[in-house]
Amino acid sequence: MPPRYERVADALRAMIMAGTLPPGATVPSAAALAHEHDVGRDTALKGIAVLRREGLLFLAPDKSIRVGPVTTRPARRPLSTPDEILRVPPGGVVSARMPTRRERERFGLADGVPVLVVRTPAGEEIHPADRFALRWH
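For reference, each letter of the sequence shown is one residue, going 1105 to 1241 in my numbering.
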């Protein structure tokens, strides 16, 4: 059985995909979600955080959590082709960080999606973390 926060995230995700919560809609409060799903407020917040990382939800200027536009929803696909697996050479160092505004635009990243920074003696490469896996030689 999945953790409770995942069940909250799954329920919200289903509502978003079904159009019950359309782009721009305000997500119910953590207290309302906690009551509806019989979980604690922190568990509901954790479920919301999952969807923010996926790019389905964002924090609006008025501090409400809203459903993101369809264009910000990253495509989820299995990591199966060789060009989606980064080969990290010996001595390479990988870190993750949040992208700059320019990097978000360049890669078409949703809010909350980090980038992977691969540093080698030859230089630095930046890759969207939701589209690549790492393999060390």
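For each residue, glycine too, the CB sits at the ideal point set by N, CA and C.
Nothing here was measured: the structure is a model prediction, and the numbers come from that model.
Anticipated Cβ contact below 8 Å, residue i with residue j, distance rounded
{"i": "Ala1233", "j": "Ala1200", "result": "6 Å"}
{"i": "Ile1169", "j": "Val1131", "result": "4 Å"}
{"i": "Gly1151", "j": "Ala1122", "result": "That belief does not hold up - the Cβ atoms of Gly1151 and Ala1122 are roughly 17 Å apart, past 8 Å."}
{"i": "Val1192", "j": "His1241", "result": "7 Å"}
Counted within 10 angstroms of its Cβ, other Cβ atoms place residue i as buried (16 or more) or exposed
{"i": "Arg1235", "result": "buried"}
{"i": "Glu1209", "result": "exposed"}
{"i": "Thr1147", "result": "buried"}
{"i": "Ala1136", "result": "exposed"}
{"i": "Ala1134", "result": "buried"}
Beta-bridge partners of residue i, as assigned by DSSP
{"i": "His1231", "result": "Leu1220"}
{"i": "Ser1064", "result": "This structure does not reach residue 1064, given that the chain is present from 1105 up to 1241, and the question cannot be answered."}
{"i": "Asp1190", "result": "Correcting the residue type first, residue 1190 is Leu in the shown sequence and not Asp. DSSP lists Leu1238 as partners of Leu1190."}
Nonlocal neighbours in the same chain, by C-beta distance under 6 Å from residue i, ignoring five residues either side
{"i": "Met1202", "result": "Pro1218"}
{"i": "Val1143", "result": "Arg1108"}
Spatial neighbours of residue i in its chain, beta-carbon cut-off 7 Å, leaving aside the 5 residues before and after
{"i": "Gly1128", "result": "Arg1170, Val1171"}
Cutoff 8 Å; reference residue i; Cβ partners in own chain excluding five residues on either side
{"i": "Gly1196", "result": "Val1222, Arg1223, Thr1224, Trp1240"}
* Ordered list of alpha helix (DSSP H) runs contained in the segment 1143-1173, each at least 4 residues -> 1145-1158
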